[in-house]
């Protein structure tokens, strides 16, 4: 009985969506890290985070990541009420906080649409890219549907859904158009260095040896121009290594029983999709 309200209200996406099929896959953890790396190349978005959070405090890095992950979970699988509550909280925080651009002296709010739009696109592009390269089966039409579905998620953070890309082609055109203004700001600590030093909660300490490797894989999945902006090598060999590693990881994860492999929310979503 307790599940009835959830079964009636599937939130933004629901069992017939491409989003539910893609987002439950564990390989998407790499996509989440890649999304943060894409965000880090937009000076306004990065400075907004740097000046308003404890991102650069290694003791706080993990808790911020878990909060972000929880927001993604609610937005993907939560009921409309849960999504609206989470969105309201994020919009309120963004509207209240400001940051300063040291290059121009301009002060801006964190709900600056240009920065929010880049964060949204970096997220969608990262999930889709990692899923497809890892071997999650998606046709070109389904990939377009995924991008279009995520317009609903853009609205949750306060963006006009019509102002964000609705197809893979529009996604690529937008990223290409933004490239001239992207760079890694000098006051930010390099994420690869942070992955070596960030202390993990006791429960996750066994993951410490693999965290730098996962971060390195997330970097390798970035487009070559983005890797160059982070001061890292960018070659076709790196692209091939990233794709091969993602495929091997996705295949390996597929051998783990579903009740262990998927999160509780993803397991429920899979049952609803099967029904």
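Numbering (our numbering), first residue to last: 720 to 994. Note that beta-carbon positions come from the ideal geometry of N, C-alpha and C, so glycine has one too. Since the structure is predicted, the reported quantities are computational estimates derived from the model, not experimental observations.
Problem - residue 961 to residue 748 span [Cα, whole Å] - result: 14 Å
Practice task
To the nearest angstrom, report how far apart residue 899 and residue 733 are at their CA atoms.
Solution key: 37 Å
Practice task
Quick one: using the 10 Å Cβ neighbour count with 16 as the cut-off for buried, is residue 978 buried or exposed?
Solution key: exposed
Problem - Straight-line Cα distance separating residue 841 from residue 768 - result: 15 Å
Exercise for the section: May I ask whether a heavy atom of the ligand SAH can be found less than 7 Å away from the beta carbon of residue 897? Expected result: This structure does not include the ligand SAH; it has no bound ligands of any sort.
Handout entry: Three CB pairs or more closer than 8 Å across the region 739 to 746 and the region 971 to 989
Key = Counting Cβ pairs under 8 Å, three or more are found: they touch.
Practice task
Could you pull the start and end residues of the beta strand (DSSP E) that residue 817 belongs to?
Solution key: 817 to 819
Problem - Length of the line joining the Cα atoms of residue 959 and residue 815 - result: 43 Å
Practice task
Tell me the start and end of each unbroken beta strand (DSSP E) in the region 727 to 758 that is at least 3 residues and wholly inside, in chain order.
Solution key: none
Exercise for the section: Determine the burial state of residue 894: buried for a count of at least 16 other Cβ atoms within 10 Å of its Cβ, exposed for fewer. Expected result: Under this definition residue 894 is a buried residue.
Exercise for the section: Rank 741, 757, 731 and 788 by C-alpha distance to the C-alpha of residue 939 and give the top, closest one. Expected result: 757
Practice task
Could you name the residues of the same chain whose beta carbon sits closer than 7 Å to that of residue 901, not counting the 5 residues immediately before and after it, in chain order?
Solution key: The residues are 760, 761 and 948.
Problem - Backbone secondary structure at residue 828 - three-state DSSP - result: strand
Practice task
Whole angstroms is fine: what's the gap from residue 987's alpha carbon to residue 884's?
Solution key: 29 Å
Exercise for the section: Classify residue 909 as helix, strand or coil using the three-state DSSP reduction. Expected result: coil
Practice task
With DSSP collapsed to three states, give me the class of residue 770.
Solution key: Of the three classes helix, strand and coil, the one that applies to residue 770 here is coil, per DSSP.
Practice task
Starting from the C-beta of residue 941, find all residues in its chain whose C-beta is less than 8 Å away, skip the five residues before and the five after it, and write them out in chain order.
Solution key: 753, 756, 757 and 949
Exercise for the section: Using a threshold of 8 Å, state whether the C-beta atoms of residue 750 and residue 849 are closer than that. Expected result: yes
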